[in-house]
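Q:
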Amino acid sequence: MVVTLEQLATEVENLKERVAELACAKDELEIWKLQSLYSHLYYIGRRSQIPDLFAQKTPGVSLEIEDSGVYEGIDSITRFWNTVFSDKKIGAGHLAIHMTVNPLIEIDRGRTKARGLWHSHGYCSLLEGGALKQFLCLGKYDMEYVKEDGQWKILKFAYRQAFMCPYEKGWVDEPVAASIAGSPDNIPDKPTTYYMPYSRYRKNVMEPPPPEPYDD
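Residue 134 in this note's numbering sits at position 132 of the sequence shown; the count goes up by one each step and never skips.
1. Among 211, 156, 70 and 133, which residue has its Cα nearest to the Cα of residue 35?
2. Pick helix, strand or coil for residue 27, following the three-state DSSP scheme.
3. Taking the alpha-carbon of residue 137 as reference, which of 144, 50, 71 and 125 has the nearest alpha-carbon?
4. At the level of alpha carbons, what is the spacing between residue 215 and residue 42?
5. What is the DSSP secondary structure of residue 20, counted as helix, strand or coil?
6. How many Å lie between residue 38 and residue 204 at the Cα?
7. Is the stretch 65-81 touching the stretch 97-109 in the sense that three or more CB pairs, one from each, lie closer than 8 Å?
8. Cβ of residue 168 within 8 Å of Cβ of residue 201?
9. Can you look up residue 209 in the DSSP assignment and give me helix, strand or coil?
10. Please confirm if residue 18 has its CB atom under 8 Å from at least one CB of chain B.
11. Residue 78 and residue 49: beta carbons closer than 8 Å?
12. How is residue 266 classed by DSSP in three states: helix, strand or coil?
13. In whole angstroms, what separates the C-alpha of residue 211 from that of residue 114?
14. Going along the chain, which residues of its own chain have a beta-carbon closer than 8 Å to the beta-carbon of residue 218, five neighbours each way excluded?
15. Can you give the Cα-Cα distance for residue 193 and residue 185, rounded to whole angstroms?
16. Output the boundary residues of the beta strand (DSSP E) element that contains residue 188.
17. State the start and end residues of the unbroken alpha helix (DSSP H) segment that holds residue 82.
18. For residue 93, I'd like the list of residues in its chain whose CB is within less than 8 Å of its CB, leaving aside the five on either flank, ordered along the chain.
19. Could you pull the DSSP bridge partners for residue 153 from this structure?
20. Leaving out five residues before and five after residue 207 in sequence, what residues of the same chain have Cβ atoms less than 8 Å from its Cβ?
Next up, the structure:
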């Protein structure tokens, strides 16, 4: 079979496209594993290891959870996970899991930046006023990622709360039963940028929307 130069050039271009698609799929899987690793570390109480998942050198790294305010820079983020959500605060009967599902991931053409949005269902049992209380949680992880030294890392981490309600009451009667902002250990660098949990008294938009593709 004789192959012309034109046919060969077409085959090469097709192969390049397939390689690019495979590389993008590999990036998506690595980002998914990164987000899942966060969820597992949080669940098993190894929160002091979570700062290692964030970019260590790239400017603009930040963290915002519910009404916590914004923590900027890896030092502030490390302080948050060792004070506000410290491993040392985990005691008898404690349970806290926030699953990460239904990912929507957009990666730039250069494969160095990405945006992600994840639904998160959660279940908690926390010591409050000397008694254990049960909670149901729902929210979204609004994320940005960056490739640092060949590995994907978290650049911007934001958890947007829909509700955290007592198990016995539900989200209609008491959609928000706890506040990070009220913790004496919570000392953010900037105020909260967005906090609009569920309310029975208004239409609920539940931001943010799915991430937009990159322009490049």
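Glycine included, every Cβ here is placed at the ideal spot set by N, Cα and C.
A: Put simply:
1. Counting from 1 along the sequence shown, the entry for residue 35 is found at position 33. Distances from the alpha-carbon of residue 35 to those of 211, 156, 70 and 133 put 156 closest.
2. For the purposes of this step, residue 27 is taken as the residue at position 25 of the sequence shown. Residue 27: helix per DSSP, three-state reduction.
3. Walking along the sequence shown from the start, residue 137 turns up at place 135. When each option's Cα is compared against that of residue 137, the closest is 125.
4. Here residue 215 refers to the residue found at position 213 of the sequence shown. Here residue 42 refers to the residue found at position 40 of the sequence shown. Using only the alpha carbons, I get a separation of about 28 Å.
5. Here residue 20 corresponds to residue number 18 of the sequence shown, with the count starting at 1. Look at residue 20 here: in three-state DSSP terms it is helix.
6. The sequence position of residue 38 within the sequence shown is 36, counting from 1. The sequence position of residue 204 within the sequence shown is 202, counting from 1. Their Cα atoms are separated by approximately 33 Å.
7. By the Cβ criterion, the stretch 97-109 is not in contact with the stretch 65-81, since fewer than three pairs of Cβ atoms, one from each stretch, lie closer than 8 Å.
8. What you label residue 168 is simply residue 166 of the sequence shown in a count that begins at 1. What you label residue 201 is simply residue 199 of the sequence shown in a count that begins at 1. No. Outside cutoff.
9. Mapped onto the sequence shown, residue 209 falls at position 207. When DSSP states are grouped into helix, strand and coil, residue 209 belongs to the coil group.
10. This model lacks chain B altogether, as it is built from one protein chain only.
11. Mapped onto the sequence shown, residue 78 falls at position 76. Mapped onto the sequence shown, residue 49 falls at position 47. Contact flag unset, no.
12. This structure gives no information on residue 266, because the portion of the chain shown stretches from 3 to 218.
13. Mapped onto the sequence shown, residue 211 falls at position 209. Mapped onto the sequence shown, residue 114 falls at position 112. Computed Cα separation, rounded: 22 Å.
14. Counting from one through the sequence shown, the residue named residue 218 turns up at place 216. A distance below 8 Å between beta-carbons, with the five flanking residues on each side excluded, links residue 218 to the following residues of its chain, in chain order: 110, 111 and 112.
15. For the purposes of this step, residue 193 is taken as the residue at position 191 of the sequence shown. For the purposes of this step, residue 185 is taken as the residue at position 183 of the sequence shown. Looking at the two C-alpha atoms, the distance is approximately 14 Å.
16. Indexing the sequence shown from 1 puts residue 188 at position 186. Segment: none, residue 188 is in no beta strand (DSSP E) and carries neither H nor E.
17. Within the sequence shown, the letter at position 80 stands for residue 82. Residue range 76-84 is occupied by the alpha helix (DSSP H) that includes residue 82.
18. Position 91 of the sequence shown, counting from 1, holds the residue named residue 93. Correct list, in chain order: 129.
19. In the sequence shown, the residue the question calls residue 153 occupies position 151. Per DSSP, the beta bridge partners of residue 153 are 150.
20. As a position in the sequence shown, residue 207 is number 205, starting the count at 1. Counting only residues of its own chain and dropping the five nearest sequence neighbours on each side, residue 207 has a CB closer than 8 Å to the CB of 198.
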